[in-house]
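Some notes on the structure that comes next.
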Amino acid sequence: MSFNTQHTASYYAATARDAAPYPSLDSELTADVCVIGGGLTGVNTALELAERGLSVVLLEARRIGWGASGRNGGQLIRGIGHDVSGFARHVGQDGVRYLKQAGIDSVELVAERIARYGIACDLRWGFCELANTTAQFAAFKEEQDDLAALGYRHEIRLVSAGQLNEIVASDQYAGGLVDMGSGHLHPLDLVQGEARAAHSLGVRIFEQSPVLRIEHGPRLTLHTARGKVRASSLVLGCNAHLDELEPRLSGKVLPAGSYVVATEPLPEALASSLIPQNMALCDQKVGLDYYRLTADRRLLFGGACHYSGRDPKDIGAYMRPKVLKVFPQLANVRIDYQWGGMIGITANRFPQVGRLNQHPNVYYAQGYSGHGLNVTHWTAKLLAESIALGHSHGLDVFSAVPHLTFPGGKALRSPLLALGMLWYRLREALG
C-alpha cells in the first residue's frame, strides 16, 4: 500500500460524522507522554492518560483512524485471542481467568466510553458466531459453558441449523452461537469521537506528522519533519504500520491484508430478510467471512485475509463471489464501496503489550489479530495505569505471554506465512 495520507475510499470515510482535520506539528513541545499512532490504541491511551491528569501529545502520520481502526468490519465482539487457556504455564490459572474476563470487560469498556462522551457511532447489540461444520457447532457448547463459568451476564444461546434462518438467510452453516453482549458499530466514527473526547481533555493531537527518529533516554525526543516532542514516556500504538521505527517490535507483527465491500442501500424488506435481527456475524473458516448491515441498510461484508503483501487488483470483483456464496439472492445488487487494510497478526494470535526491556519508559501494544475494536481499549487502560501509577497488574499478565519473531526477516516473512496459510486453507477445503 502506498503512503496515502488521506482516508481510503471506504464506506466509513464517506459517512463519517466528524472528518475535521487536526494540524501537523511544526514546533517543539514538551509533555509527560508522547503517543505515536492515531488509531484505537493510541487515541484511547491518550484519553486514559488525560483522564488521569497527564499532559499528552499524540502524533499521527496520516489521519486519525487511517489504518485498521477506521477500516475494519465494525464487529465489537468479546474475546482477546486464540486459545487463552494455552498460556496457563506462563500466566497461571488466575492469569488465564483474568485474560478471559478482560475479553468480556473490554466490550463493556467501549460501551461505557461511548455513553460517557456521547459518541454517535451506530452501536447495535447482537452477534452470532456461525459454525461451518458440525464439529464447530459442538465446540460452541464448550464456549457457552466457559462463559457461564465466568458469570457472563448477557444472553448467550445455541441456535441449531434448522433455526438459523431466524438469524441469517443462508444455508451455509451448521448452527450458531448468539451473544447479545457483543455487537457492531461504525469504527471510524468511534475512533474520531474518542479523539475529540481526548482533545477536549487537553490532549494535543497532530495529524500528517510521521515520526522520523526517536532519541532514547530518561527524556525522549521524537523528531518529525518540522517539529520535536520531548516526553518522559512514549507509547507506540502503530500496530501493522510500525515499520522500522522500532525494529525490536516490528518483526513480531505480520501486516496482513483484509478486504471489505459495502453494497448499495438495500430495500428494507430485503435487508431484514438477510439478517432479521440485525446482528454482526462471522464464520469459523481460516480466512473467515464477517458481515453485518450498516445503519443505512447496506450489507458490509469482509474477509479474505492475505499474507502475501499484495492486494487484489479489484477488491469488489474478488469479494463478490464470497458474498454470493452466502447470499446468492444478492446477485443483482451493486457494490458501492470496496477497500482493504492491514491488520497486525502475531504468531500466537494474542496481542503484545508491555514495555521495552532496553528502554523501560517506552510502552507498546500491538498485534490484536482481529480483536482490535475491544482489546485496544483494554490495553490502553493498562498502559495508562502503568504510566500514571507506576504499575499495572494487568500489564504484568499480558507481558508474561511470550511472543515469537516471525522467521525470514522482512523480505521473507510474508511469503513464508502465505505458504503456511495456503496449507491450512487446503486442509480446510479437503475436510
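Mapping of the sequence shown onto the numbering used here: residues 16 to 446, in sequence order.
For each residue, glycine too, the CB sits at the ideal point set by N, CA and C.
Predicted, not measured: the structure shown is a model, and the values here were computed from it.
Which residues does DSSP list as the beta-bridge partners of residue i?
i	result
I358	A271
W81	DSSP, once it has assigned bridges, lists no residue as partnering W81.
V301	Per DSSP, none; premise fails for V301.
T149	Note: T149 sits in no beta bridge, so no partner.
Q178	Its beta-bridge partners do not exist; DSSP assigns none.
R219	V72
D194	F142 and I171
Q159	For Q159, which the question treats as bridged, DSSP gives no partner whatsoever.
V276	F316 and Q353
A295	F142
Would you give the residue range spanned by the alpha helix (DSSP H) that residue i belongs to?
i	result
A210	P202 to S215
K243	First-last for K243: K243 to L251, but that is the beta strand (DSSP E), not the alpha helix (DSSP H).
A346	Per DSSP, A346 belongs to no alpha helix (DSSP H) and is neither H nor E.
L367	Contrary to the premise, residue 367 reads as Gln rather than Leu in this sequence. It is not in any alpha helix (DSSP H) - Q367 instead sits in the beta strand (DSSP E) that spans Q367 to R370.
M334	I330 to V341
S288	E283 to L289
A399	G387 to L404
F413	H408 to S414
E127	A103 to Y132
T236	Element bounds for T236: not the alpha helix (DSSP H) but the beta strand (DSSP E), L235 to H238.
Given a threshold of 16 other Cβ atoms within 10 Å of its Cβ, counted over all protein chains shown, does residue i qualify as buried or as exposed?
i	result
L445	Any reading at L445 needs caution, since the residue's pLDDT is 49, under 50, leaving its predicted position unreliable; the model's value is listed next. By the neighbour-count rule (16 or more Cβ atoms within 10 Å), L445 is not buried but exposed.
R313	buried
G133	exposed
G369	buried
R78	buried
D204	buried
D109	exposed
N180	exposed
R228	exposed
P336	exposed
S265	buried
K340	exposed
E261	buried
A332	exposed
A447	In the structure as shown, the chain starts at 16 and stops at 446, and residue 447 therefore has no counterpart that could be examined.
L344	Note on residue identity: the sequence assigns Gln, not Leu, to residue 344. Answer is exposed; the Cβ neighbour count stays below 16.
Y352	buried
L235	buried
K115	buried
A426	With a pLDDT of 49 at A426, under the threshold of 50, the predicted position of this residue should be treated as unreliable, and no value is reported.
R139	buried
N347	exposed
P417	exposed
P36	exposed
S429	Interpretation of S429 is limited by its pLDDT of 49, a score under 50 that renders its predicted location unreliable; the figure taken from the coordinates is listed afterwards. Under this definition S429 is a buried residue.
R172	exposed
H406	exposed
Got a sec? Which residues, its chain only, sit under 6 Å from residue i by beta carbon, not counting five neighbours each side?
i	result
T23	W354
D311	P280
E63	A395, K396 and A399
G82	G54 and H256
I119	R93
C49	V72, L237, V244, A246 and L249
To which residues of the same chain is residue i closer than 8 Å at the C-beta, ignoring the five residues directly before and after it?
i	result
S17	Because the pLDDT at S17 is just 42, under 50, the model does not fix this residue reliably, and the point stays unresolved.
R349	T278 and E279
V174	C143, E181, I182, G190, G191, L192 and V193
P366	I95, G96, A380, Q381, G382, Y383, S384, H386, V390, T394 and F413
Y188	L145, A146, N147, A176, L179 and D298
F342	A184, S185, L289 and L314
Short of 7 Å in beta carbon distance, which residues of its chain neighbour residue i, apart from the five on each side in sequence? Order them along the chain.
i	result
A46	S70, V71, V72, V244 and A246
T361	K267, V268, Q367, G382, S384 and H418
Could you pull the start and end residues of the beta strand (DSSP E) that residue i belongs to?
i	result
G318	L314 to H321
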